[in-house]
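J.: Protein chains in written order, with the working numbering: chain A, 2 to 329; chain B, 25 to 305.
Each residue gets a CB set at the ideal place from its N, CA and C atoms; glycine is no exception.
Since the structure is predicted, the reported quantities are computational estimates derived from the model, not experimental observations.
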């Protein structure tokens, strides 16, 4: 039995089609990355799966239960970290976890869960309304873990988490999968999805444009990152072109820009550069999801009319790599 | 079991904010003030209870409004609903939990206020205070509180927008209380009925007109307090608004009680039906 199975799932809001003809299967025991830029239809899909929204067309089952008629049975077996989630501001974090345990009729130890998600025991006894985004996110993850769910649905789980929180999240996902759970991991951050997921489905403009393993996607799509290094002076005989994975090198004054098709090439190129000159500063622009989509639409969908989501003339923005926004 | 968890969490959340304290505390103080200010005016505490019925009928809903208008709309617009309904709670359990929690606070406010009023009256009024009359007063006031909470929670359940919930709740207050009761003669249901009937060239009997205005929980409440003043209608001029022995349907105590119960049950049912069918994305 599939953990999640959708068949022609469509959801419209008036004229606007948020999710169109979505058919996908998430197998039990896998970590499935549900990837797409903001507004691609990921959260709408999740809201339909949870019974918060009705599908306009098509159907979906979770763990064999129909999402429109059997929502409660589903919610008994899943753990949910929703997007746009809020807490009861005057209840403590611990009280949220305790209520989740009660509601699920589970016998978990709330303090063990709080410890597992890395919420400070003292913070857990403070009103959750005072929590930072990261702490709320840890709390939500704790609530999702109650009663060892068969399926974890995580919608932008790393949003607001610091690097140690993200690392912890990754470990928890691994542990849950070892236990036998399925993880449905929705995110707009390519980097984090590729670290934990077996397979990835990419949503764009409400459509599932591809489902594949992360490695295959990377290789097929040839997504590039750019390493930009400030050096004291550019050595005369700088050769980086032969480093495996480097596709292009450009020098502008004392700035060297190296385009890398593979993640590993970045460090290799940098080492080579450091050997030849003194590197004063480095910035790395990772391949953004947008770049990946542009690649995808350019290589796969060109000519079929509406594959024009990519705007080739615009410079690629890299919200995924600038350390800002959701990733902090 | 999970309706209880929803109820407890909601109540706890409200209790730790200033809302509960505000509603119960301020309303109790106002009620006590009415009694204190009339110590030297009337000998009978039940005459002051009559003035308190006005306070409850016209002002108490304005305390219930801030207590209830975000009960469900706030969870929905803020996202706390995703926490509750992401867990295996049914929408019915959620709705019941919210209703009972908010109704509990409103009822507690009535009971505490009446109790404090009783203590003040028993200690200071010339003829003391009759516990039976106070109990009867508490009983009909609780019915009224439940009707208003039910209407307001139902409105809160039917929108995801905080501002719409607020306009809805205050709008329904205006229609059900001052308008239907006829607090402002220029803007009242009675005047409207007269205008429409003369426009259509039909005659609406006084009895029918009374029955129509009695369909408001506020009017029904004020009329139902007749139960509190049984046997003393001749003691004060103000009690002339009651007409004991009338066979007019609108004047029957059981009918007024039925109106309040009908509002409670009807609004609850309609609010839940709307909420069950609504989309929460």
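Can you check whether the C-beta of residue 34 (chain A) is within less than 8 Å of a C-beta belonging to chain B?
T.: no
J.: Compute the Euclidean distance between the alpha carbons of residue 119 (chain B) and residue 132 (chain B), then round it to the nearest angstrom.
T.: 20 Å
J.: Residue 2 (chain A) lies in the beta strand (DSSP E); which residues open and close that run?
T.: The continuous stretches of beta strand (DSSP E) do not include residue 2 (chain A), and DSSP gives it neither H nor E.
J.: Given 8 Å as the limit, is there contact between the segment 105–120 of chain B and the segment 60–78 of chain A, that is, 3 or more CB pairs closer than that?
T.: With three or more CB-CB distances shorter than 8 Å, the segment 105–120 of chain B counts as touching the segment 60–78 of chain A.
J.: Among residues of its own chain, excluding the 5 on either side of residue 80 (chain B), which ones have a beta-carbon nearer than 6 Å to its beta-carbon?
T.: 165
J.: Check whether the segment 91–108 of chain B and the segment 275–292 of chain B are in contact - that is, three or more C-beta pairs closer than 8 Å.
T.: no
J.: How would you call residue 312 (chain B), buried or exposed, if buried means at least 16 neighbouring beta carbons within 10 angstroms?
T.: Because chain B here runs from 25 to 305, residue 312 (chain B) falls outside it and cannot be looked at.
J.: Go to residue 31 (chain B), then tell me how far its alpha helix (DSSP H) extends in each direction, as first and last residue.
T.: 26–39
J.: Tell me which residue opens and which closes the beta strand (DSSP E) that residue 187 (chain A) is part of.
T.: 183–188
J.: Are residue 27 (chain A) and residue 198 (chain A) closer than 8 Å when you measure CB to CB?
T.: no
J.: Can you give the Cα-Cα distance for residue 81 (chain A) and residue 128 (chain B), rounded to whole angstroms?
T.: Annotation: residue 81 (chain A) to residue 128 (chain B) spans about 31 Å, alpha carbon to alpha carbon.
J.: Buried or exposed: which applies to residue 181 (chain B), given that a residue is buried once 16 or more other Cβ atoms fall within 10 Å of its Cβ?
T.: buried
J.: State the beta-bridge partners of residue 226 (chain A) as determined by DSSP.
T.: A:261
J.: Determine the burial state of residue 42 (chain B): buried for a count of at least 16 other Cβ atoms within 10 Å of its Cβ, exposed for fewer.
T.: exposed
J.: Please list, in chain order, all residues of the same chain as residue 279 (chain B) whose beta carbon is under 6 Å from its beta carbon, the five residues on each side excluded.
T.: 273
J.: From residue 126 (chain B) to residue 87 (chain B), what distance separates their C-alpha atoms?
T.: 12 Å
J.: Verify the CB distance criterion: does residue 100 (chain B) have a CB-CB separation below 8 Å to chain A?
T.: no
J.: Give me whichever residues DSSP pairs with residue 48 (chain B) in a beta bridge.
T.: Bridge partners of residue 48 (chain B): none, in fact.
J.: Who are the near neighbours of residue 38 (chain B) in its chain, counting only those whose CB is closer than 6 Å to its CB and skipping five residues on each side?
T.: 44
J.: Which value, in whole angstroms, describes the spacing of the CA atoms of residue 200 (chain B) and residue 50 (chain A)?
T.: 40 Å
J.: According to the neighbour-count rule (16 or more other Cβ atoms, all chains shown, within 10 Å of its Cβ), is residue 306 (chain A) buried or exposed?
T.: At residue 306 (chain A) the pLDDT is 37, less than 50, meaning the model places this residue with poor confidence; the figure from the coordinates comes in the next sentence. Label assigned to residue 306 (chain A): exposed.
J.: According to a CB-to-CB cut-off of less than 7 Å, which residues of the segment 68–102 of chain B neighbour chain A?
T.: 102
J.: Compute the Euclidean distance between the alpha carbons of residue 148 (chain A) and residue 96 (chain A), then round it to the nearest angstrom.
T.: 16 Å
J.: Would you tell me roughly how many angstroms separate the C-alpha atoms of residue 56 (chain A) and residue 208 (chain B), rounded to the nearest one?
T.: 49 Å
J.: With H, G and I counted as helix, E and B as strand and the rest as coil, what does DSSP make of residue 47 (chain A)?
T.: helix
J.: When we look at the beta-carbon of residue 57 (chain B) and count the other beta-carbons within 10 Å, is it buried (16 or more) or exposed?
T.: Here residue 57 (chain B) is exposed, its C-beta having fewer than 16 other C-beta atoms within 10 Å.
J.: How many angstroms separate the CA atom of residue 13 (chain A) from the CA atom of residue 20 (chain A)?
T.: 7 Å
J.: Can you tell me which residues form a DSSP beta bridge with residue 18 (chain A)?
T.: A:13
J.: Beta-carbon within less than 7 Å of residue 91 (chain A)'s beta-carbon, same chain only, minus the 5 sequence neighbours each way: which residues are those?
T.: When the five nearest sequence neighbours on each side are left out, the beta carbons in the same chain lying within less than 7 Å of the beta carbon of residue 91 (chain A) are those of 128, 130, in order along the chain.
J.: Look at residue 246 (chain B) and residue 77 (chain B) and say whether their C-beta atoms are less than 8 Å apart.
T.: yes
J.: Answer yes if the segment 201–212 of chain A comes into contact with the segment 168–181 of chain A, meaning at least three C-beta pairs across the two stretches below 8 Å, and no otherwise.
T.: The segment 168–181 of chain A makes no contact with the segment 201–212 of chain A: fewer than 3 CB pairs, one atom from each, lie closer than 8 Å.
J.: Taking DSSP's pairing of strands, which residues face residue 129 (chain A) in a bridge?
T.: Paired residues: none, contrary to the question.
J.: Please name the residue, chosen from A:84, A:68, A:140, A:63, that lies closest to residue 99 (chain A) on a Cα-to-Cα basis.
T.: A:140
J.: Taking the straight line between their C-alpha atoms, what separation do you get for residue 259 (chain B) and residue 40 (chain B)?
T.: 45 Å
J.: Indicate whether at least one CB of chain A lies closer than 8 Å to the CB of residue 122 (chain B).
T.: no
J.: Tell me which residues of the segment 33–53 of chain B have at least one Cβ-Cβ distance to chain A shorter than 9 Å, keeping chain order.
T.: 33, 34, 36, 37, 38, 39, 40, 41
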